[in-house]
Structures are given as C-alpha cells and as structure tokens.
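Asker: Chains as they are written, first to last, in this note's numbering: chain A, 2 to 794; chain B, 13 to 350.
Even glycine gets a Cβ: it sits at the ideal position worked out from N, Cα and C.
Quick one: this structure, given as structure tokens, is what I'll be asking you about.
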Amino acid sequence: MNVSLNWLGTHLDLSGKSIKEIDDLFTFAGVEVEGIETTGIASEKIVVAQIMEAVQHPNADRLKVTQVDAGEGSLRQIVCGAKNYQVGDKVPCALPGAELPGGFTIGETKMRGVESKGMLCASSEIGLPEGEDGLLILPADSPIGKPVKELYDSDVLLELEVTPNRPDLLSHRGMARELATLLKTPLLDFPIPAVQPVSGASEIQLDAVDSCPLYTAVKIRGVKVQESPAWLKQRLESIGLRPINNIVDITNYVLHELGQPLHAFDAAKVSGKIVIRQAADGETFLALDESEHVLAASDLVISDESNVALALAGVMGGAESGVTESTTEILLESAYFTPQGIRRTSRKTALSSDSSYRFERGVDPQGVFAASALAAKLILEIAGGETDGKTWVTGEAPVLTRPVALDAKKLDQLMGGSIALTDAEEILTRLGLSKQSDGLWNVPSFRADLQRHIDLVEEIARVHGLEKVPSRFLGAFVPASAVDAAYDADMILRRRLAALGFFECQTIKLISDAQVADVLPLRPLQDGDVIRVKLPLSEDHAVMRPSIIPGLIASAERNVRQQVKSLKFFELGRVFRNAGGGKAKDQESETLALLLSGSASPTGWAQKDRTADLYDLKAAISALVGGRQVRFTPKDRAGFVLGSEIKVDDQTVGVFARLSPSRERELDFNTPVYVAELDLGKLRKLLTGVNHVTDLPQFPGSSRDASIELPASTANSVIEAALAKVNEPLLTGFECIDIFTDPSGEKLGADRKSVTYRFFYRASDRTLTTPEVDAPHQKILGALAKDLGVSFR
Amino acid sequence: MKEQIAAIQTEALEQISAAGDERSLEDARVAVLGKKGTMTLVSAGIKDVPKEDKAAVGQLLNAARTAITTALEEKQIELREIADRKALAGIDVTLPARSLSVGALHPLTQIRDQAIGILRRMGFALADGPEIEDEFHCFDALNTPTDHPARNEKDTFYFDSGKLLRTHTSSVQIRTMEAQVPPVRIIAPGSAYRRDEIDATHLSVFNQLEGLYIGEDVSLPDLKGTLEYFLRELFGTTTEVRFRPHFFPFTEPSFEIDVKLQIKGQAPRWIEVAGCGMVDPAVFEAINQSRKDNAFDPEKVTGFAFGMGLDRLAMIRWGIKDIRLLIENDTRFLKQFA
Numbered sequence: 002m003n004v005s006l007n008w009l010g011t012h013l014d015l016s017g018k019s020i021k022e023i024d025d026l027f028t029f030a031g032v033e034v035e036g037i038e039t040t041g042i043a044s045e046k047i048v049v050a051q052i053m054e055a056v057q058h059p060n061a062d063r064l065k066v067t068q069v070d071a072g073e074g075s076l077r078q079i080v081c082g083a084k085n086y087q088v089g090d091k092v093p094c095a096l097p098g099a100e101l102p103g104g105f106t107i108g109e110t111k112m113r114g115v116e117s118k119g120m121l122c123a124s125s126e127i128g129l130p131e132g133e134d135g136l137l138i139l140p141a142d143s144p145i146g147k148p149v150k151e152l153y154d155s156d157v158l159l160e161l162e163v164t165p166n167r168p169d170l171l172s173h174r175g176m177a178r179e180l181a182t183l184l185k186t187p188l189l190d191f192p193i194p195a196v197q198p199v200s201g202a203s204e205i206q207l208d209a210v211d212s213c214p215l216y217t218a219v220k221i222r223g224v225k226v227q228e229s230p231a232w233l234k235q236r237l238e239s240i241g242l243r244p245i246n247n248i249v250d251i252t253n254y255v256l257h258e259l260g261q262p263l264h265a266f267d268a269a270k271v272s273g274k275i276v277i278r279q280a281a282d283g284e285t286f287l288a289l290d291e292s293e294h295v296l297a298a299s300d301l302v303i304s305d306e307s308n309v310a311l312a313l314a315g316v317m318g319g320a321e322s323g324v325t326e327s328t329t330e331i332l333l334e335s336a337y338f339t340p341q342g343i344r345r346t347s348r349k350t351a352l353s354s355d356s357s358y359r360f361e362r363g364v365d366p367q368g369v370f371a372a373s374a375l376a377a378k379l380i381l382e383i384a385g386g387e388t389d390g391k392t393w394v395t396g397e398a399p400v401l402t403r404p405v406a407l408d409a410k411k412l413d414q415l416m417g418g419s420i421a422l423t424d425a426e427e428i429l430t431r432l433g434l435s436k437q438s439d440g441l442w443n444v445p446s447f448r449a450d451l452q453r454h455i456d457l458v459e460e461i462a463r464v465h466g467l468e469k470v471p472s473r474f475l476g477a478f479v480p481a482s483a484v485d486a487a488y489d490a491d492m493i494l495r496r497r498l499a500a501l502g503f504f505e506c507q508t509i510k511l512i513s514d515a516q517v518a519d520v521l522p523l524r525p526l527q528d529g530d531v532i533r534v535k536l537p538l539s540e541d542h543a544v545m546r547p548s549i550i551p552g553l554i555a556s557a558e559r560n561v562r563q564q565v566k567s568l569k570f571f572e573l574g575r576v577f578r579n580a581g582g583g584k585a586k587d588q589e590s591e592t593l594a595l596l597l598s599g600s601a602s603p604t605g606w607a608q609k610d611r612t613a614d615l616y617d618l619k620a621a622i623s624a625l626v627g628g629r630q631v632r633f634t635p636k637d638r639a640g641f642v643l644g645s646e647i648k649v650d651d652q653t654v655g656v657f658a659r660l661s662p663s664r665e666r667e668l669d670f671n672t673p674v675y676v677a678e679l680d681l682g683k684l685r686k687l688l689t690g691v692n693h694v695t696d697l698p699q700f701p702g703s704s705r706d707a708s709i710e711l712p713a714s715t716a717n718s719v720i721e722a723a724l725a726k727v728n729e730p731l732l733t734g735f736e737c738i739d740i741f742t743d744p745s746g747e748k749l750g751a752d753r754k755s756v757t758y759r760f761f762y763r764a765s766d767r768t769l770t771t772p773e774v775d776a777p778h779q780k781i782l783g784a785l786a787k788d789l790g791v792s793f794r
Numbered sequence: 013m014k015e016q017i018a019a020i021q022t023e024a025l026e027q028i029s030a031a032g033d034e035r036s037l038e039d040a041r042v043a044v045l046g047k048k049g050t051m052t053l054v055s056a057g058i059k060d061v062p063k064e065d066k067a068a069v070g071q072l073l074n075a076a077r078t079a080i081t082t083a084l085e086e087k088q089i090e091l092r093e094i095a096d097r098k099a100l101a102g103i104d105v106t107l108p109a110r111s112l113s114v115g116a117l118h119p120l121t122q123i124r125d126q127a128i129g130i131l132r133r134m135g136f137a138l139a140d141g142p143e144i145e146d147e148f149h150c151f152d153a154l155n156t157p158t159d160h161p162a163r164n165e166k167d168t169f170y171f172d173s174g175k176l177l178r179t180h181t182s183s184v185q186i187r188t189m190e191a192q193v194p195p196v197r198i199i200a201p202g203s204a205y206r207r208d209e210i211d212a213t214h215l216s217v218f219n220q221l222e223g224l225y226i227g228e229d230v231s232l233p234d235l236k237g238t239l240e241y242f243l244r245e246l247f248g249t250t251t252e253v254r255f256r257p258h259f260f261p262f263t264e265p266s267f268e269i270d271v272k273l274q275i276k277g278q279a280p281r282w283i284e285v286a287g288c289g290m291v292d293p294a295v296f297e298a299i300n301q302s303r304k305d306n307a308f309d310p311e312k313v314t315g316f317a318f319g320m321g322l323d324r325l326a327m328i329r330w331g332i333k334d335i336r337l338l339i340e341n342d343t344r345f346l347k348q349f350a
C-alpha cells in the first residue's frame, strides 16, 4: 500500500520525525517498508533564473546560447536546446554541483565549442511530474535566485507491506491511528458528518444477506461531473493514483483516507431498485476494464430490477453503469461484503482492485456509514448537487468482535516477566481496547483480528518490543532421532565423494516429460508411476523426478558446453513415484546418484589423459562403502547400455548403466557417460564402521599367482563364482592382478584371454612352509580347472 | 709372507680408491675379503707361520684388514654421497604440482550442515516429513484459513489426488507433534515448493530449515535467546539481530528476524533471514484432534517455531547474486566451494 507522508501528517503531528525514524516506527509496528521515495525537488542548487538573452549557437542549428540571471550578480552563459521559452521567462536553472534525479551532477562544460555553466531544466528533469515539452516556465513573480524547491511541495511516498491480519491499517486514517498509538501522540480530529439512516427497503432489495450483511446507498441529484480540484488530484497523485473525474476521485480518496471502499453508480442506468443477489450460473459480466467474465452462483453482483449486473460486488464496477461526464444523478454505495466471497470471486475472475483488496481482508463494519457520509459531503462540495440527507440502509453491520480475556499469568510466562500487567493494559488501552467491569477487554470494531487471549498478547509483545524481552537459553534433553543418524551417514557419503573428486549437485526436483527418458530409478518405471503436478509452471517442470539421473545429465551437459573435461557429479535426495500404476500411495524415497564421464583425473605435465571408465565408477562406489567389494550384475535397462544391478555383500543396492551411445551423441558428450543410482537407505546401513577390530596376524603369509586361460567372452564373474565355492581355511584372499589378451594371436589365441589371480595364504598360528602353501594352492587350482574347464599357464 | 700382506694391502687400497661406483667397490671387497679373496687366502696361511712369528704376522694381518675395511667404508660413504648428489641434481622443485581431482560439497549442503551443527549443539534433533503433503498437514493444522491465498492453485502445486507439494517445511512441525509428545525439540531441513517462475531471486523448489520447541514454560525469552545465539554462531559473535513484528497464521506473536550485514566496503544493512513466533494455540488444538488426545494441551504447553530459507542464507553468506547458480551446478561455481 502506498502512503503519503504529507497526507499522514493531516492526521497526526509527525513534524521533527526523520524518514529513518518513521521507517523504524513502521518496521517495529510490523509493517514492512518496501520503498521510500521522495517526490519534489531535492537539490538546493536548482534556482529560479531569468533568461536575459538567447542567441543562435554558432556550431549547432538546434541549440541556443543563453545568458541567464540566477541572482548571482552577473549573468551565466548556458547552452540550451529548448524552444518553448521567450527571453524574459523565468525557468529552473541547475547550477554546477546540482544533483538531478537519476544521480547525475551538473558541471561546467563546453557544448559544441561553447561554454555552458549549468542547465536550464524541464519539469521532469528536476523531479516534478511530467509537464509540457521544453523548459518549465515558472510564474513571473518567482524571486530570482530562490531555490525552486521552495516553490513546490515535496512529499515522501512510502511503499508499505501490511500483513493480512491488519486490514485496519489499509488507509491513511488507520495507519495514523497505529502510529499515534506507538508514538503516544494524539490522533488529530477528523470530523465526519452524521448520517440519517432510513430503511432502504423501498430502494434496495438485499437477497444475499450472508454475502452482504450491510448495504447502504445515498442518492445525489444534479451533480456536475468534471475534473477534480487541484488538492484532490494532488492527494491521489501523491500515492500514485491517476485522477479520473471528481466523483470517482472522491470515492477513491475516501477509500484511501478511511479504508472503506465505495462505489458510485450512474443512477440513470439503474432501473428500479438496487438488487443485491448471487449471480446466476453462467451469467456474463462486462467489467469497467472491458474484461468479460462468466459468473457463478458463488459470485455476488449488484443488480437492478432489469436483472442486469451493474457491478461485481466489492470487486469492480460494470462497464455500463459507471459515472461518466453525462452523469447527473448518482447512487453512492457503501457496504460490508464478507471477505470469503470477495476473495473467491476476485481469484476466480482474476479481477482485483483496491476495493477487493480491502473487502477480502475485512473492512471495519462500523466504518461503512462514516465513509458514505464523508464522500457525500465532498460530492456536494465539489460536484454540487443535492441530497435529501438520507442514507438508505438494508441489513445491519455485523459484530465481528467479542470481549476477550487477558490471562495475566500466561502473559507473564510468555513474556518472561518482561512487562508489568499495568503496562500491558496501558498498551491495550492505547490500541483502543477498553476493560469492562468483568475484566474482559472490549475490542474496537476495526480490530476483528483480536479474538483470543493470545491475540492480545501478540499486540502487547509487538508494541512492547522484543528488544525488551530477556534472552534465555534452556535446553530440554531430546535424544537423537533416526533422522539424525541418516543425516550423519549422508554427510559421510557426501564427504567421501567430495574427497574422491566428485562435485555435489543440487538439481530441481521437477523435471520435464522429455527428461523422463533419462531416468534410472532403482526399479524400472511402470505405467502410471510418474507423478505429474496438475498445473505445471512450464513443460520443463511438470514431473516429480523418479530418479536423480536426469538432473545430473542436464548438469553435466551444461558443463560440457563450458569445455569441462572431467565430469564427476553426485546428488543425494528424494525421488518420487506412484507405486502400483497410480493406484497405491505416492512414495518418496531417497537415493544417491552418480555421474562419471570424461577424464578419469586431471591431466598435466606429469599425467597422461585417461578416459574414465565404468571401473572408475565401481571404485568410487566401493570407496563409498568402506572398501567393500562391489559387483555389477548385468540386467538390461531400456534406453541405456551396460545396465547392471549394483551389489555389495550380495545385496542389491542400486543400478548402473551407461547412456546409450546415440543419446550421448545427442547431448554432445564425446566420452562415455556412466551413471549409477543407489538406494540411500541401504547405503546408510552399510556405513556401520568398525565394531570390533581384527587382531593383526602374528605370522607372515605367502602368495601364489595363477593364470587362468579362458575364452575372451567369458565374464569374470564366472571365475569369481568358481572362486566363491572354494572352501580352504588357509586361503585369506585373492585378487585379479592381470588380464592378458593378444589380438594378433601370437602369444595367445585372439579369442582367448589369460586372467591372472594372486592367492594369499596364511595360518594364524605358524609360518607356513612351502609344501603347506603349495598343497592348498594346487587343490584350489584343481577345483577351478574342474569347475571352469580351463587350463593354467 | 709379510711382503705378501703388504702387496695385497697396497693392491686392495688401489682397487678401492679406483672404484667409480658401489658395484666396483663391492667387486673389490669380494676380491680381497670374499671367501676366495686374496686377504682371506693369505690369512689362512697363518697356521703355517712359525710360532715365534705368529704374533707379529697376526698383527700385520689385522692392521691390513683394518686398513682395507676402513678404506671400503670410507669409499662407500663417498660414493653414496656422490650418487645422492647426482640424484637430487635433476629435481626441479619449482615445477607445478600434479593434479588431483578435487570435488566439493554443494554450498547449500555446507550452509545447512553449519546451521544443523549449531542447532544440534543447542539440543535440537533432526526430523523430517513427506514433500508430497496433504492439505491438513500443510495448511489446516497450521491454522491457515481455507481461502488463504497460499492455497491457491496459482501459488501451490497440486496433484490430481488432491495432495500438494508442501509450500514450507512447517508441515514437519505437524508430522512431528503427531508422533511425539512434549518436550519436542526438532529441526527439519528440507525442500519446499511454490509456483514461482524461476528467476534471479526465485526458485520453484527451494530449501528451508524449520525449527520447533514445545514444552512447559517455553516463552518469548527462549525464542529470542535460541535464535540470537544461533544467528550469532552462524554470522559471527558480534552480529546484531533484531526481531520485527510480523504475521504468520500458525504463530502468535510472530516476528521476522533481521541480521545486520557488515560487508567491507558497503554500508551495513539489515537483512531478513528468518521468520519465527510462538506456536498458535490453534495449532495445538488441531494436533490434539488429530492425535485424539490432549498431549499438547494449550493450557500446559507452549512453544516456538522458526523457519529460514537456506538458499537465501547461502546467497547472503557468500554474496551469490543469482539464486539459479545454486541449481545449475556449473563446475566453475562449485569449485569455489572445494
């Protein structure tokens, strides 16, 4: 809401208050100051000057060289391009050093070779409203040399954000009332004529008392619709409103003065009684902004006996029924519309106005008459006309407040004893509440937000200020939760991956339908598993991600465009699916996704480039789970190649794949892109750490190597499966140390490979002798030879 | 024999002196002192020396052996020094480093971890809840009127099921109070969603940190103390903190919290970092109804809640001008947090 400081100053004395003090005052009242704009002329160095001479510039057709008297004792030469003045006119002259709006400072300069010591100004150049083209011609009696600032009013426009619980602040009077309370200064008198309410039954038919508990109207005949007087136009302009005509301006002015929206109908366009009714389903309405709306029974309209909707109640007038220059007789509406209905209609029709803004937050039911009376008085004064002095009334003002108890003990507890009860009561009194004889507090009608004890406490705390409340820190012991444990595990995983050279990403959880093709969830998606939001902001953010991979691919793609050579990314987070074809509940689970592509490690003078491969990713996953063995079991995934299940200790913990080469080309990757998505729940359980250390061996062990020759196409898992069957107590471990192939076929058949494993033997109670090692080794080789049908080299 | 010993000694010393590397020195040692070395052989001849000469010859042998051994040792030290010098001569310490892969935690993770670290030290435990929420947990139980603007389909993402994407982590307050009894002292970091077009200051999916403390005699001083200490830990011990009255449906009284940001070369300014307030009794009533008990009796327990935008904290903390940097994952950006 825009508030003019000058306007506010008509309601309370703000003299001597700096803008900073007023800013703080609002801030600590709970009203956010979003902008402060000083209008009018700021600089003292813009003075009245008389143009004494103007001759053609020797080097520029469109410029003149003027000599001006700025009251300095001698003339000042200024080059000027304007044409609207005559020699002898008085105009604003910005002297060197003057700062103009937009932040530039006037200096002495040469224009096309001619000295120019200042600038003659147009109105918009010095911060005044846009005037006619060319220089601002000042009144002939303006004293030469006087700062132009002193000839024009300045004002401060405050852009305020009022919280939705405080509709009473949405007017200058309301805001002033609040400031007066906080400043403990009196609110200046604001006389409002009394009204003569009469039953409006003969003129008003109120068919929707739930939506409109109170409707009043005043008829004024013989008005002359014309431009508003200067003071009224200035009031509206001071808060950024455009004056329209005197009648509309008065209703707008009263709205911003008192907070009660009004509407003026051209009475000639109302046939018979005013009828306040719910709209018919499908009824159409042409608003005064020329937008057309199809209404529903939930919308409230102001109609007449011809059944035409004249206005969308409380939201906007109709295009046909408004006040125009030919209007002579008006019906001035002032009413209380219930907030829920206005809010619903405003939202549905996407029509909002200063009026709907206030009605949907709740206006003061007792303010309906005052606004009507003030507007009627002003119309008579400004637009002429006459009235019988009667205000037609239907319905009655709803009572929205009730007496509220203030619990002194609870107040003391909540405030930490920082305020005495008498001080708290004094605050309530200043806010317009009054204590009844039974101890309950009467709440003024404009504070319908004060309904409960805690609402009173809020007011006391707000006015008292939290800076007066002591700080206290007491802890109640609460045990760590399962979420704590999960968080700690996740941080371990994150730190391990960062240490391995991976960058943690944060990608958006809403993805596009097209990106669904890149998902690699732990279980393949079924029809209906994807969860779509109903009204996506854009196609790019329409689907709740079933997998983190699409986000990582998009991030990697962005980095490829930046020529990043090594792509190592991970993200931990939630993924979403609608298990069971959309019938069952939506499920949220947490996964860890990895993406690896490009250089395996940075290159340099000492390091050759090596393209990362899937074994690098396997290594990273292994490091993640404390060096446990990680196995990939091939299992196809549509849209990907090399799809595999990831197993740790025989438990499936995730899924691995490489993007299909065609997809890689499509995304401009020129190295293979490997991705993995891991079940975070399972990973966390694998981070058990050490329970009990193993004693270090007391005796040395021995190792034996064995090269197994097999068809090149045999998967290594076949060897590992055979090795897994070996049951030899002295064998403590084995590892694959070499894979040899010879495409030329010279040392080994081109379709063969030789895989070398190293076997480790050790006894816990003695050093093994050579025969003691050879015997189990031969036994193992024998078993492998039999199982795999292989020979040893 | 005496002459023989002298000759062997002379020859050996010459060989040792001539050795250019450790290998030829070893050859010299073997030739003299090895099993079949000249010295070894001549020493074996001592048994044939007449008794009266034995002592003198023995002495001579010992002296020769000592001289040779000493020469060997000295030569070895000399050769090793030469070799060491040679090996070091080729090393240029000024060459640039090899490169290791350096990864990083996302700035959001870092600021969240810092905040969580402080709050856990202050005795808060972590909690969470679903991101796909129902209206009860996101709005109703949080005292949000049915026609509140936040419930608009233009501002909140809904699903055909009627569920919605939580608009704040405050729903975790409700989830937690349904499952626990006072004292409740939790923090809940997590995603929240609003139907905002993505631009330099808005994300449709963003990150919040929620806090809740419910117990007997939890008061405004507790709220103030907890949040002041927390923010001073986060922003520096001398940071000024102020509480501005505000409005939230689920707390009363409510405040927004500003910290005074002091950046070198800039005028200090107040910047909003969090919202907070005392839990509205209406929230307790909704919880009790949902629990079907009176565990959160508004006559007995009070509490405070707070919430803050983690993306915003990260932006303030590191002077990040465009929030989109937090979701674009540009390595040039992420590297700065390594």
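Return the first residue and the last residue of the alpha helix (DSSP H) that TRP232/A is part of.
Answerer: On the first sequence, residue 232/A is found 231 positions in, with the first residue counted as 1. Start and end: 231 to 239.
Asker: What's the C-alpha gap between ARG206/B and VAL217/B?
Answerer: As a position in the second sequence, residue 206/B is number 194, starting the count at 1. As a position in the second sequence, residue 217/B is number 205, starting the count at 1. Each residue's alpha carbon lies about 7 angstroms from the other.
Asker: Residue range of the beta strand (DSSP E) that ASP305/A falls in?
Answerer: What you label residue 305/A is simply residue 304 of the first sequence in a count that begins at 1. Taken as a continuous stretch (DSSP letters only), the beta strand (DSSP E) holding ASP305/A covers 301 to 305.
Asker: Helix, strand or coil for TRP8/A, going by three-state DSSP, please let me know.
Answerer: In the first sequence, residue 8/A corresponds to position 7, counting from 1. Helix.
Asker: Is there at least one Cβ from chain A nearer than 8 angstroms to ALA116/B's Cβ?
Answerer: Translated into positions along the second sequence, residue 116/B becomes position 104. Closer than 8 angstroms to some Cβ of chain A, the Cβ of ALA116/B qualifies, so yes.
Asker: Should THR179/B go down as buried or exposed, given a rule of 16 or more other Cβ atoms within 10 Å for buried?
Answerer: For the purposes of this step, residue 179/B is taken as the residue at position 167 of the second sequence. That one is buried.
Asker: Does the distance from the C-beta atom of THR343/B to that of ASN560/A stay below 8 angstroms?
Answerer: Against the second sequence, residue 343/B aligns to sequence position 331. Against the first sequence, residue 560/A aligns to sequence position 559. Against a cut-off of 8 angstroms, the Cβ pair of ASN560/A and THR343/B comes out as a contact.
Asker: How would you call VAL49/A, buried or exposed, if buried means at least 16 neighbouring beta carbons within 10 angstroms?
Answerer: Position 48 of the first sequence, counting from 1, holds the residue named residue 49/A. Buried, because 16 or more other Cβ atoms sit within 10 Å of the Cβ of VAL49/A.
Asker: Taking the CB atoms as reference points, tell me whether LEU158/A and ASN3/A lie closer together than 8 angstroms.
Answerer: Reading the first sequence from its first residue, position 157 is the one you call residue 158/A. Reading the first sequence from its first residue, position 2 is the one you call residue 3/A. Going by C-beta atoms, LEU158/A is nearer than 8 angstroms to ASN3/A.
Asker: So is LEU154/B in contact with chain A if we call contact Cβ pairs under 8 angstroms?
Answerer: For the purposes of this step, residue 154/B is identified with residue 142 of the second sequence, where counting begins at 1. No, LEU154/B lies away from the interface with chain A (no Cβ there is under 8 angstroms from its Cβ).
Asker: Keeping to the same chain, check which residues put their C-beta closer than 6 angstroms to that of PHE262/B; ignore five residues upstream and five downstream.
Answerer: Translated into positions along the second sequence, residue 262/B becomes position 250. Counting only Cβ-Cβ distances below 6 angstroms, and skipping sequence neighbours, we find LEU154, ASN155, ASP292 and VAL295.
Asker: Interface residues of chain B around GLU589/A at Cβ under 9 angstroms?
Answerer: The sequence position of residue 589/A within the first sequence is 588, counting from 1. Ordered by position in chain B, the residues that pass the 9 angstroms Cβ test against GLU589/A are PRO142, GLU143 and ILE144.
Asker: One question on the structure: do ALA784/A and VAL727/A come within less than 8 angstroms of each other, judged by their Cβ atoms?
Answerer: Numbered from its first residue, the first sequence carries residue 784/A at position 783. Numbered from its first residue, the first sequence carries residue 727/A at position 726. Going by C-beta atoms, ALA784/A is nearer than 8 angstroms to VAL727/A.
Asker: Tell me, please, whether the stretch 119 to 129 of chain A touches the stretch 137 to 144 of chain A by the rule of three or more beta-carbon pairs shorter than 8 angstroms.
Answerer: These segments touch.
Asker: If you measure from the beta carbon of LYS236/B to each beta carbon in chain A, is any gap under 8 angstroms?
Answerer: Within the second sequence, numbered from 1, the residue matching residue 236/B stands at position 224. Answer yes: the Cβ-Cβ gap between LYS236/B and chain A drops below 8 angstroms somewhere.
Asker: VAL217/B touches chain A at which residues, Cβ-Cβ below 7 angstroms?
Answerer: Counted from its first residue, the second sequence places residue 217/B at position 205. Here the neighbours are ILE509, LYS510 and LEU511.
Asker: Just how far apart, CA to CA, sit GLY385/A and ARG222/A?
Answerer: The residue given as residue 385/A occupies position 384 in the first sequence. The residue given as residue 222/A occupies position 221 in the first sequence. Rounded to whole angstroms, GLY385/A to ARG222/A spans 9 angstroms at the Cα level.
Asker: Less than 7 angstroms between C-beta atoms, sequence neighbours within five positions excluded: which residues of the same chain meet that for MET327/B?
Answerer: Residue numbering aside, residue 327/B sits at position 315 when the second sequence is read from its first letter. Closer than 7 angstroms at Cβ, skipping near neighbours: ILE335.
Asker: If you draw a straight line from the alpha carbon of ALA372/A to that of LYS220/A, how long is it in whole angstroms?
Answerer: As a first step, residue 372/A must be located in the first sequence, where it is residue number 371. As a first step, residue 220/A must be located in the first sequence, where it is residue number 219. Answer to the nearest angstrom: the Cα atoms are 15 angstroms apart.
Asker: Determine the direct distance from the alpha carbon of PRO214/A to that of GLN261/A, and round the result to whole angstroms.
Answerer: One-based indexing of the first sequence puts residue 261/A at position 260. One-based indexing of the first sequence puts residue 214/A at position 213. Cα to Cα, the separation comes out at about 15 angstroms.
Asker: Under 7 angstroms, CB to CB, which of the residues in the stretch 387 to 416 of chain A have a partner in chain B?
Answerer: So the close ones are GLN414, LEU415 and MET416.
Asker: Please indicate yes or no: does the CB of THR39/A lie closer than 7 angstroms to some heavy atom of the ligand FAD?
Answerer: Only the bare structure without any ligand can be found here, which leaves the ligand FAD out of the picture.
Asker: Where does the unbroken beta strand (DSSP E) through CYS150/B begin, and where does it stop?
Answerer: If you number the second sequence from 1, residue 150/B lands on position 138. No beta strand (DSSP E) contains CYS150/B, which is instead part of the alpha helix (DSSP H) from 147 to 150.
Asker: Mind listing the chain B neighbours of LEU542/A? Cutoff is C-beta to C-beta under 7 angstroms, in chain order.
Answerer: By 1-based counting over the first sequence, the position of residue 542/A is 541. It should be noted that the sequence gives His, not Leu, for residue 542/A. The contacting residues are SER216.
Asker: Which of the three DSSP states, helix, strand or coil, is assigned to TYR337/A?
Answerer: Counting from 1 along the first sequence, the entry for residue 337/A is found at position 336. Residue state, collapsed to three classes: strand.
Asker: State the start and end residues of the unbroken alpha helix (DSSP H) segment that holds THR217/A.
Answerer: As a working mapping, residue 217/A is identified with position 216 in the first sequence. No alpha helix (DSSP H) contains THR217/A, which is instead part of the beta strand (DSSP E) from 215 to 221.
Asker: Would you list the residues sitting across from TYR758/A in a DSSP beta bridge?
Answerer: Taking the first residue of the first sequence as 1, we reach residue 758/A at position 757. TYR758/A is bridged to ALA707/A and CYS737/A.
Asker: Shortest alpha-carbon distance to ALA19/B belongs to which of ALA30/B, GLU64/B and LEU73/B?
Answerer: In the second sequence, counting from the first residue as 1, residue 19/B sits at position 7. Comparing Cα positions, the closest option is LEU73/B.
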